[in-house]
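*Asks:* First the structure, which I've put down as structure tokens, then a few questions once you've had a look.
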Amino acid sequence: PGDPTAAAVRTTCPYCGVGCGVMADVAADGSVSVRGDPDHPANFGKLCSKGSALGETTGLDGRMLYPEIAGRQACWDDALDLVAKRFTDTIAAHGPDSVAFYVSGQLLTEDYYVANKLMKGFIGSGNIDTNSRLCMASSVAGHRRAFGEDVVPGTYEDFEEADLVVLTGSNTAWCHPILYQRLLAARRTRGTKIIVIDPRRTATAQECDLHLAIDPGTDVLLFNGVLAHLARSNVIDQNYVGAATSGFAEALSAALADAPSSASVATGCGLAEADVQLFFQLFAGTERTVTVYSQGVNQSSRGTDKVNAIVNCHLATGRIGRPGMGPFSVTGQPNAMGGREVGGLANQLAAHMGFESPEDIDRVARFWRAPNIASRPGLKAVDLFRAVGEGRIKALWVMGTNPAVSMPDAGRVRAALKSCEFVVVSDITRTDTTRYADVYLPAAGWGEKDGTVTNSERRISRQRAFLPPPGEARPDWRIVCDVARRMGFGDAFAYDGPAAIFREHAALSTYENGGRRVFDIGAMAMDEAAYDAMPPRHWPVAEESVSHHRLFADGRFPTPDGRARFVAVRQDRLARTVDATFPIALNTGRLRDQWHTMTRTGRVPRLAANTPEAMIDISAADAGAYGLADGDLARVTSAQGTARAKARITDTVRPGQAFLPMHWSGSFATNAAAGSISTPDVDPISGQPELKHTPVHIARE
Ligand code: SF4
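Position in the sequence shown (from 1) plus 3 gives the number in the UniProt record's numbering.
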């Protein structure tokens, strides 16, 4: 039970990448109530339906309280000894690449940091990847191609200072609700135009000024059309292009070849030409334009090219680094950005350093005093689980995520987990994935542990504990360090708390020779008291007094020549197209009131009230063709497997398309897991899976 006289604890919502500040109160009976933090600059006191229900998720329902070995309760020492021994033995027998970690954007930055350090610095493999691969990887790759570093240039204030906001592949109203409310509030006073580019008529599309329901996967063509139109209309900022960028001629040439006219773009994207022309005119004529992109862009076999097609248009007009302008990636998870900062993706090293630079590898190795620094990237999520299934990875540790449901081709992932020689799962509740655990480790959850998260606008905020961990649950950073010590790496993992880990992470981000870099939070290498009191801050924070707000205002980018890079991209087919066997293009995504695989939000009855069971949205034309009435149970089959959900006949999806929420699994409905049928095709650059486009067949069950 909490102290009724205690002040509310300031913390951060654990759901989406908006990163809202939360005030949590613990009553005398132990119940938790939450409200928005009026002083947090992401949300100014507001919370959405999921955030405001957080207090109802902190109970013990479903929590796992003790370690287990082979499904039986065990003590921590035995469980940790076994994990360390099996990983050590496997590495000794088969080498460092025979083990892997699969981690999560739900982890705090400090958890992520030590897991990455253990795998890449001490085990000596790059085999740590994260469910952020399913969320953000294409934006990361696109940013690195264009800017030389994984950087979101703007801040949320740009949404409010823009005259035109183009929401591309983003159902912002449901997936980033508080940011969307900020945009609508600004629109009421300033008259902001909102354009939505989405194959579905989502809640966001229903409130916009222009909805472009493009054919799935045609975003590159549409934005190449914008670039070509900008050139034809003499709206290119020649001074900016000449002074701050490279590669413009090649990118424009590709765009002109792809999109010679608005008519060709309209035909290629499945749009009315008048709508395409209106979009082009609004984009060309509105200086303060922000283009927001999310999973509809990222979760694609052409995701990285889509990102660069968007960024190209902003570079061509110099609309970047200035108020109300810029390309803006919004992240799905609360700490997808923090994970990217510490190197939680298999192709990153740490602190935005990379494997492509021998100097970076040497710098990280020296800083960590790492005996076995990895020298090349590890396996990305889809390839990682493929390697597990093929027996190349023999020991796997899954932290804070549920790949048995959420990965594409999840049936194959479940088979891989089942066949793996040794599986460790650390999580707060029993999930579909914990069924495969040889060792289960109970982790502390939201409200029970301390650390930091970084939201979509590069703002680092504290998550603070206000409850004791239940049973024997422990914070993830401590579990990882306890295993590292048992593997013989004690000196490097002797942290006394998350503040010490954050201090080290911050120190690593600063070049010892004073060299300039964007991800520099060296001035945040603070003592424990300052860490406890840390206010939300944008990075970079290279000097204590300067928290950088908007980046690239000076037209200088972190590339070798200081110039941003245009990338010449061409519209290409998606990895798989619909055919006579699988004639419907299945889209997947979030509902307003649920989160991921519902392991937390699924426990709150009022969040389930709106959509209590999985529904597949289909058009009336397709329902008629497949003999389905509204509410009938539909069988959805792809090359990967079968799922079942009730049919909802709607005009929000076009004929030939369908939409299935991503949240359900075997635990909550009858085999309605979208992951079971989603294609494992990936973007060749980012490795991000194509979760927005799987050819399926639909029939009445
Ligand atoms: Fe949490 Fe996102 Fe809702 Fe804010 S908008 S309360 S971060 S789920």
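We put the beta carbon where it would ideally sit given N, CA and C, even for glycine.
#1: For Thr61, I'd like the list of residues in its chain whose CB is within less than 8 Å of its CB, leaving aside the five on either flank, ordered along the chain.
#2: Determine the direct distance from the alpha carbon of Ala258 to that of Phe671, and round the result to whole angstroms.
#3: Establish whether the CB of Leu470 and some CB of chain C are separated by less than 7 Å.
#4: Under 6 Å Cβ to Cβ from Ser668, same chain only, skipping five residues before and after it: list those, please.
#5: Kindly examine ligand 1 and report whether one of its heavy atoms sits closer than 6 Å to the Cβ of Leu50.
#6: Can you list, in chain order, the residues of its chain with a C-beta nearer than 8 Å to that of Pro473? Leave out the 5 residues immediately preceding and following it.
#7: Measuring only the C-alpha atoms, how far is Ala500 from Ala56?
#8: Taking all protein chains shown into account, do 16 or more other C-beta atoms lie within 10 angstroms of the C-beta of residue 1, making it buried, or fewer, making it exposed?
#9: Where does Pro538 land, buried or exposed, given buried means 16+ other C-beta within 10 angstroms?
#10: Should Ile364 be listed as close to ligand 1, given that the test is whether its C-beta is under 6 Å from any heavy atom?
#11: Just the C-alpha distance for Asp412 and Lys120, rounded to the nearest angstrom, thanks.
#12: From Glu210 to Val37, what does the alpha carbon distance come to, in whole angstroms?
#13: Pull up the distance between the alpha-carbon of Thr673 and that of Ala626, whole angstroms please.
#14: For ligand 1, any of its heavy atoms closer than 6 Å to the Cβ of Cys23?
#15: Taking 6 Å as the limit between beta carbons, can you name the residues of its chain near Ala103, skipping five residues before and five after?
#16: Using the Cβ count rule (16 or more neighbours within 10 Å means buried), how would you classify Asn516?
#17: From Asn237 to Thr207, what distance separates their C-alpha atoms?
#18: Ignore the nearest five residues each way along the sequence and tell me which others in Gly306's own chain have a CB closer than 7 Å to its CB.
#19: Specify whether the segment 525-539 and the segment 499-513 touch according to this definition: at least 3 beta carbon pairs, one from each stretch, less than 8 Å apart.
#20: Which whole runs of the beta strand (DSSP E) in the segment 135-219 are 3 residues long or more, in chain order?
#21: Tell me Tyr443's beta-bridge partners as DSSP assigns them.
#22: Where does Leu608 land, buried or exposed, given buried means 16+ other C-beta within 10 angstroms?
#23: Going along the chain, which residues of its own chain have a beta-carbon closer than 7 Å to the beta-carbon of Asp6, five neighbours each way excluded?
#24: Measuring alpha carbon to alpha carbon, tell me which residue in Ala176, Asp166, Ser173 is nearest Gly194.
#25: Comparing alpha-carbon positions, which option in His700, Glu164, Gly108 lies nearest Thr294?
#26: Can you name the start and end residues of the alpha helix (DSSP H) that Gln280 belongs to?
#27: By the DSSP assignment, the beta strand (DSSP E) with Asp132 in it spans what residues?
#28: Go ahead and pull the three-state DSSP assignment for Leu589.
#29: To which residues of the same chain is Ala390 closer than 6 Å at the C-beta, ignoring the five residues directly before and after it?
#30: Cβ of Cys16 within 6 Å of any heavy atom in ligand 1?
#31: Drop a sphere of 10 angstroms on the beta-carbon of Cys78, count the other beta-carbons inside from all chains shown, and report buried for 16 or more, exposed for fewer.
#32: Would you say Cys138 touches ligand 1, meaning its beta carbon is less than 6 Å from a heavy atom?
#33: Tell me the residue span of the alpha helix (DSSP H) that contains Gly271.
#34: Within this structure, are the beta carbons of Leu230 and Asn315 separated by less than 7 Å?
#35: Could you tell me whether the segment 148-160 touches the segment 263-279, where touching means 3 or more Cβ pairs closer than 8 Å?
#36: When DSSP builds the beta bridges, which residues end up paired with Gln466?
*Replies:* With the structure as the only source:
#1: Here residue 61 corresponds to residue number 58 of the sequence shown, with the count starting at 1. Excluding sequence neighbours, Thr61 sits near Val35, Gly448, Trp449, Gly450, Leu470.
#2: Residue numbering aside, residue 671 sits at position 668 when the sequence shown is read from its first letter. Residue numbering aside, residue 258 sits at position 255 when the sequence shown is read from its first letter. With a pLDDT of only 41 at Phe671, under the threshold of 50, the placement of this residue in the model should not be trusted, and no figure is reported.
#3: The structure shown contains no chain C, having only a single protein chain.
#4: Residue 668 sits at position 665 when you count from the first residue of the sequence shown. The residues are Val408, Asp435, Thr600, Ala676.
#5: The residue labelled residue 50 in the question sits at position 47 within the sequence shown. Yes, the beta carbon of Leu50 sits closer than 6 Å to at least one heavy atom of ligand 1.
#6: Counting from 1 along the sequence shown, the entry for residue 473 is found at position 470. Closer than 8 Å at Cβ, skipping near neighbours: Leu63, Arg66, Leu68, Glu451.
#7: Walking along the sequence shown from the start, residue 500 turns up at place 497. Walking along the sequence shown from the start, residue 56 turns up at place 53. Residue identity differs from the one stated: residue 500 is Gly in this sequence, not Ala. In a straight line, the C-alpha of Gly500 is about 29 Å away from that of Ala56.
#8: With the chain covering 4 to 704 only, the question about residue 1 has no answer from this structure.
#9: Numbered from its first residue, the sequence shown carries residue 538 at position 535. With fewer than 16 other Cβ atoms within 10 Å, it is exposed.
#10: Reading the sequence shown from its first residue, position 361 is the one you call residue 364. False, no ligand heavy atom lies under 6 Å from that Cβ.
#11: Position 409 of the sequence shown, counted from the first residue, corresponds to residue 412. Position 117 of the sequence shown, counted from the first residue, corresponds to residue 120. Going by the C-alpha atoms only, they are around 30 Å apart.
#12: As a position in the sequence shown, residue 210 is number 207, starting the count at 1. As a position in the sequence shown, residue 37 is number 34, starting the count at 1. Distance between the alpha carbons of Glu210 and Val37 is about 29 Å.
#13: Indexing the sequence shown from 1 puts residue 673 at position 670. Indexing the sequence shown from 1 puts residue 626 at position 623. Annotation note: pLDDT 48 at Thr673 (below 50); position unreliable, coordinate value reported separately. Approximately 21 Å, taken between the alpha carbons.
#14: Taking the first residue of the sequence shown as position 1, residue 23 is located at position 20. Correct: Cys23 has its Cβ closer than 6 Å to ligand 1.
#15: If you number the sequence shown from 1, residue 103 lands on position 100. Excluding positions up to five away in sequence, the list reads Asn130, Leu387, Ile396, Leu399.
#16: Looking up residue 516 in the sequence shown gives position 513. Exposed, since its Cβ has fewer than 16 Cβ neighbours within 10 Å.
#17: In the sequence shown, the residue the question calls residue 237 occupies position 234. In the sequence shown, the residue the question calls residue 207 occupies position 204. So the alpha carbons of these two residues sit roughly 32 Å apart.
#18: Numbered from its first residue, the sequence shown carries residue 306 at position 303. Excluding sequence neighbours, Gly306 sits near Ser141, Val300, Asp686, Ser689, Gln691.
#19: yes
#20: 167-171, 196-200, 213-215
#21: Against the sequence shown, residue 443 aligns to sequence position 440. DSSP output for Tyr443 lists Glu71, Val428 as bridge partner(s).
#22: Start at 1 with the first residue of the sequence shown, and residue 608 comes out as number 605. Reading off the sequence, residue 608 comes out as Pro, not Leu. Exposed is the call here.
#23: Residue 6 sits at position 3 when you count from the first residue of the sequence shown. Bear in mind that a pLDDT of 46 at Asp6, under 50, signals an unreliable position, so the number given afterwards is only what the model happens to contain. Nothing listed; no residue qualifies.
#24: Numbered from 1 along the sequence shown, position 191 holds the residue referred to as residue 194. When only C-alpha atoms are compared, the closest one is Asp166.
#25: Here residue 294 is taken as the residue at index 291 of the sequence shown, counted from 1. The option with the nearest alpha carbon to Thr294 is Glu164.
#26: In the sequence shown, residue 280 corresponds to position 277, counting from 1. Element bounds for Gln280: 276-288.
#27: The sequence position of residue 132 within the sequence shown is 129, counting from 1. Start and end: 131-133.
#28: Against the sequence shown, residue 589 aligns to sequence position 586. In this structure, Leu589 counts as strand in the three-state DSSP scheme.
#29: One-based indexing of the sequence shown puts residue 390 at position 387. Here the set comprises Leu382, Ile396.
#30: As a first step, residue 16 is located in the sequence shown; it is residue number 13 there, counting from the start. Correct: Cys16 has its Cβ closer than 6 Å to ligand 1.
#31: Numbered from its first residue, the sequence shown carries residue 78 at position 75. It counts as exposed.
#32: Sequence index remark: in the sequence shown, residue 138 carries index 135 (1-based). Answer for Cys138: no, Cβ out of range of ligand 1.
#33: On the sequence shown, position 268 is the one that residue 271 refers to. 265-272 is the extent of the alpha helix (DSSP H) around Gly271.
#34: Looking up residue 230 in the sequence shown gives position 227. Looking up residue 315 in the sequence shown gives position 312. Yes, these two residues count as a Cβ contact at 7 Å.
#35: no
#36: As a first step, residue 466 is located in the sequence shown; it is residue number 463 there, counting from the start. According to DSSP, Gln466 bridges with Gly454.
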